[in-house]
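Using numbering that gives the first Met the number 0, the first residue of the sequence shown is number 0, and each one after it goes up by one. For every residue, glycine included, the Cβ atom is placed at its ideal position computed from N, Cα and C.
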Amino acid sequence: MLINGKTQLIGIFGHPISHTLSPTLHNSAYKHLKLNYVYVPLDIIEKDLEKALEALRIYNFAGINVTIPYKEKVIPYLDGLDPLAEKIGACNTIVNTNGRLIGYNTDAVGIIASLHHDAHIDLTGKHVCLIGAGGSAKAIAHALIDENIGQLSIINRSRDHATALIDDLKQHVLIPYETATLENTSYKDLLTSAHIVIQSTPVGMSPLDTTSPLTDWSWVSSNHLCYDIIYKPRKTVFLKEAEAHGAQILNGLGMLARQGAAAFELFTKEQAPIDLMMKEVLQQ
Ligand code: NAP
């Protein structure tokens, strides 16, 4: 990679950050298209977040991605949010335009593009069960209701967080919403009737990589698509059990590549080489 006096910086804020695949994903795309950008990981501790965002203007970064635990915490320091990020209340992409920092959410675009292109699913009218009600679940839930799904059920450890997310969703689109907790396998009937089950908690990723949020698998059938947004490990306990019980399965690599492609286009204003970006994440 050639770095010269005209090279523009792009990066990712998070803490910890060493696990991220985003630098590989973006730098391979710049190299392929001969674009003069370099993408760097930036491990930012929370007390430095405001100063780090201010430094983006000083160093004239083209933009940054934002990951755990800052997707909501960056918002007060931005100059604006695009309507989707504002609706979701979380931002994973910040574009610096002449010193103005504008936040976007490409996780939402990423999951929908992955369901369409990796799973070849038409979401219209489908019953989707979402496990989790955290940061990524918010983006996924808003994206799904914008795709005209028929029903959304949220299964979460704490009912309060699931109910709060549904109260927010109801202000935008009215469809049947249900909640269940992970306790006493109260989720079983919802999962049985779902077409698509999306696992969006960190349970299944290190250090919780030998476990799953669900304990009952009697609901799984070959009619289900089970999608885990975790991509490390490639097959979480949730995906292993779903596959063993006959479901179609997908991990989070497709979402990762596709949210990255959407961010790439916001940063560079160039069309993302999505096939190359998918190949790149699959090789990791
Ligand atoms: P998060 O906001 O911290 O997730 C919180 C959610 O997980 C809440 O619903 C929480 O339940 C639940 N949870 C946490 N620990 C739990 C446990 N021990 N048992 C049961 N439920 C538990 O995290 P996030 O930002 O949404 O990210 C979640 C995962 O998605 C991470 O592994 C991340 O790497 C991955 N991710 C992947 C992509 C991609 O492109 N593929 C994009 C974004 C995120 P309560 O409400 O009860 O607290």
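Going along the chain, which residues of its own chain have a beta-carbon closer than 8 Å to the beta-carbon of residue i, five neighbours each way excluded?
i: HIS116; result: GLY253 and ARG257
Less than 6 Å between C-beta atoms, sequence neighbours within five positions excluded: which residues of the same chain meet that for residue i?
i: VAL39; result: GLY10
i: GLN198; result: ILE130, ASP227 and PHE237
i: THR6; result: ASN35 and VAL37
For residue i, tell me which candidate among the options has the shortest Cα-Cα distance.
i: SER17; options: ALA241, LYS239 and LEU41; result: LEU41
i: ASN95; options: GLU269, LEU265 and LYS46; result: LEU265
i: ALA161; options: GLY62, THR6 and ALA179; result: ALA179
i: GLU269; options: PRO15, GLY13 and TYR29; result: TYR29
i: ASN97; options: ILE139, GLY62, TYR230 and HIS141; result: GLY62
i: ALA243; options: CYS225, PRO232 and GLY203; result: CYS225
i: ILE74; options: GLY259, GLU49 and ALA54; result: GLU49
i: ILE153; options: THR66, LEU55, ILE57 and ASP188; result: ASP188
i: SER217; options: LYS239, LEU190 and PRO201; result: LEU190
Tell me the rounded alpha-carbon separation between residue i and residue j.
i: ASN250; j: GLY4; result: 40 Å
i: LEU100; j: HIS171; result: 26 Å
i: GLN150; j: VAL108; result: 19 Å
i: VAL219; j: LYS86; result: 33 Å
i: ASN222; j: HIS126; result: 12 Å
i: MET276; j: ILE120; result: 21 Å
i: PRO206; j: ASN147; result: 36 Å
i: GLY79; j: PHE12; result: 18 Å
i: ASN285; j: ILE195; result: With the chain represented from 0 up to 283, any question about residue 285 goes unanswered, as that position is not in the structure.
i: HIS14; j: MET204; result: 16 Å
Based on the DSSP secondary-structure assignment, which residues constitute the bridge partners of residue i?
i: ALA179; result: ILE154
i: GLN247; result: LEU224
i: VAL37; result: LEU8
i: TYR103; result: THR92
i: HIS31; result: HIS31 pairs with nothing; no bridge assigned.
i: ASP42; result: GLY13
Counting only the same chain and skipping the five closest in sequence on each side, list residues whose C-beta sits under 7 Å from that of residue i.
i: THR184; result: THR214 and ASP215
i: ALA89; result: LYS70, GLU71, ASN104, GLY134, LYS137 and ALA138
i: LEU20; result: LEU255, VAL280 and GLN283
i: ARG233; result: ASN250
Mind reading off the beta-carbon distance from residue i to residue j? Whole number of angstroms is fine, and I expect it under 8 Å.
i: GLY102; j: ILE93; result: 5 Å
i: LEU164; j: ALA140; result: 6 Å
i: ASN64; j: ALA262; result: 6 Å
i: LEU8; j: TYR58; result: 6 Å
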